[in-house]
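Numbering (the working numbering), first residue to last: 12 to 104. We put the CB at the ideal spot given by N, CA and C, even for glycine. Only a predicted model underlies this, so the values are computations on that prediction, with no experimental measurement involved. First comes the structure, then the notes that go with it.
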């Protein structure tokens, strides 16, 4: 992976769409994991964000680029926070 990163503006329509879909898929996968852990709030937040990102996955208008970038950042940060937070301790008998 020695490729140079591109901004959303520099990506083709298909590249942008694939990126948005990948982040939405990852959010949904993380939501499923959170559901197994009983974290209802994270499931709701992650699912709503994934659906919002999917809504932008078509052909983005220039005025929607900033919103798409912000949603992608929020989605990635949400997944990062979920993966790095302290796991609940299970009670051992």
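Contact defined as beta carbons within less than 8 Å: I believe residue i pairs with residue j. What is the distance between those atoms, to the nearest angstrom?
| i | j | result |
| --- | --- | --- |
| residue 67 | residue 80 | Rounded, the Cβ-Cβ distance is 10 Å, inconsistent with contact. |
| residue 45 | residue 64 | Residue 45 to residue 64, Cβ: 17 Å. No contact. |
Out of the options, state which residue places its alpha-carbon closest to the alpha-carbon of residue i.
| i | options | result |
| --- | --- | --- |
| residue 32 | 96, 62, 50, 94 | 62 |
| residue 24 | 92, 88, 71, 82 | 71 |
| residue 88 | 47, 37, 27 | 37 |
Is it buried or exposed for residue i, if we count other Cβ within 10 angstroms and need 16 for buried?
| i | result |
| --- | --- |
| residue 16 | exposed |
| residue 90 | buried |
| residue 51 | exposed |
| residue 57 | buried |
Could you give the distance in angstroms between the alpha-carbon of residue i and the alpha-carbon of residue j?
| i | j | result |
| --- | --- | --- |
| residue 78 | residue 49 | 30 Å |
| residue 39 | residue 86 | 10 Å |
| residue 96 | residue 41 | 13 Å |
| residue 22 | residue 53 | 30 Å |
| residue 29 | residue 43 | 21 Å |
| residue 93 | residue 82 | 16 Å |
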